[in-house]
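Novice: Counting from 1 along the sequence shown, just add 10 to a position and that's the residue number in this note's numbering. Before anything else, here's the structure in question.
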Amino acid sequence: MIYAHLQNACQSRPCPAGSVCKVDYENDSFSCIYAKKNEMICEGKTAQLSCFQGLVIDVERALYGRSSVSQPCPNNAAETICIKEDIVPETLRRIRYLCQGKNSCSFVANVDTLLGYDPCFGILKYVELRYVCKLET
Numbered sequence: 011m012i013y014a015h016l017q018n019a020c021q022s023r024p025c026p027a028g029s030v031c032k033v034d035y036e037n038d039s040f041s042c043i044y045a046k047k048n049e050m051i052c053e054g055k056t057a058q059l060s061c062f063q064g065l066v067i068d069v070e071r072a073l074y075g076r077s078s079v080s081q082p083c084p085n086n087a088a089e090t091i092c093i094k095e096d097i098v099p100e101t102l103r104r105i106r107y108l109c110q111g112k113n114s115c116s117f118v119a120n121v122d123t124l125l126g127y128d129p130c131f132g133i134l135k136y137v138e139l140r141y142v143c144k145l146e147t
């Protein structure tokens, strides 16, 4: 049977740690799928991103502010949301600068590291972050 080879290929675990083998019968191939990691880092806390050996960080999404009043980080301004349109690309750019392509990285979630200014003075913020660990290229 034509697909037997592919099924056996995934059974032999060809993908690195932190990924899953997925068979693509249509194209007679397989690929290694990497799990997305979601992190939430409260303001003033240190973010620690890491991947298995041989894999590197690819930051897909980053948001610094306060998108919900019900998030687990402390909130000193009840019912206050702080999301400014212009800070979304800047936060992503800065976190990519710190972490993109590295096996691990850490940074403090604060206005100095992520923006250089405080878009919502007096409101405790947090970083919502999604990244994936990929093969080093």
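Cβ coordinates follow ideal geometry from the N, Cα and C atoms, glycine included.
Ignoring anything shorter than 4 residues or poking outside the region 69 to 136, list the alpha helix (DSSP H) runs there in chain order.
Specialist: If we require 4 residues or more, the alpha helix (DSSP H) runs fully inside the region 69 to 136 come out as 97 to 109, 121 to 124.
Novice: Determine the extent of the beta strand (DSSP E) in which Ser22 is found, giving its start and end residues.
Specialist: Residue 22 sits at position 12 when you count from the first residue of the sequence shown. Here Ser22 belongs to no beta strand (DSSP E), and DSSP marks it neither H nor E.
Novice: Do the CB positions of Cys25 and Cys143 come within less than 7 Å of each other?
Specialist: Here the question's residue 25 lines up with position 15 in the sequence shown. Here the question's residue 143 lines up with position 133 in the sequence shown. Contact: no.
Novice: Per the contact definition of three or more C-beta pairs closer than 8 Å, is the region 47 to 66 in contact with the region 129 to 144?
Specialist: Yes, the region 129 to 144 touches the region 47 to 66.
Novice: Can you check which of these residues, Cys52, Cys31, Glu95, is closest to Cys83 by C-alpha distance?
Specialist: As a position in the sequence shown, residue 83 is number 73, starting the count at 1. Of Cys52, Cys31, Glu95, the residue nearest in Cα terms is Cys52.
Novice: What's the call for Ser22, buried or exposed, on a 16-neighbour Cβ count within 10 Å?
Specialist: The sequence position of residue 22 within the sequence shown is 12, counting from 1. Exposed, by the Cβ-count rule.
Novice: Give a yes or no on contact between the region 118 to 126 and the region 97 to 105, applying the rule of three or more CB pairs nearer than 8 Å.
Specialist: The region 118 to 126 vs the region 97 to 105: in contact.
Novice: Give the DSSP bridge partners of Tyr44, in chain order.
Specialist: In the sequence shown, counting from the first residue as 1, residue 44 sits at position 34. Paired residues: Ser29.
Novice: In three-state DSSP terms, what is Cys61?
Specialist: Residue numbering aside, residue 61 sits at position 51 when the sequence shown is read from its first letter. Residue state, collapsed to three classes: coil.
Novice: On a Cα-Cα basis, can you pick out the residue from Glu36, Ala119, Ala45, Ser39 that is closest to Arg76?
Specialist: In the sequence shown, counting from the first residue as 1, residue 76 sits at position 66. Among Glu36, Ala119, Ala45, Ser39, the Cα nearest to that of Arg76 is on Ala119.
Novice: Who are the Cβ neighbours of Thr56 in its own chain at under 6 Å, not counting the five residues just before and after it?
Specialist: The residue you call residue 56 lines up with position 46 of the sequence shown. Closer than 6 Å at the Cβ level, and outside the excluded window around Thr56, lie Ser116, Val118.
Novice: Can you give me the Cβ contacts of Val30 inside the same chain, cut-off strictly under 6 Å, excluding the 5 residues immediately before and after it?
Specialist: Reading the sequence shown from its first residue, position 20 is the one you call residue 30. Excluding sequence neighbours, Val30 sits near Ile43.
Novice: Sort Asn48, Phe131, Ser39, Thr90 by Cα distance to Gly137 and report the nearest one.
Specialist: What you label residue 137 is simply residue 127 of the sequence shown in a count that begins at 1. Note that residue 137 corresponds to Val in the displayed sequence, not to Gly. Of the listed residues, the one whose Cα sits closest to Val137 is Asn48.
Novice: Report the residue from Cys92, Cys20, Asp128, Val98 whose alpha carbon sits nearest the alpha carbon of Glu70.
Specialist: Within the sequence shown, the letter at position 60 stands for residue 70. The shortest Cα separation from Glu70 among Cys92, Cys20, Asp128, Val98 belongs to Val98.
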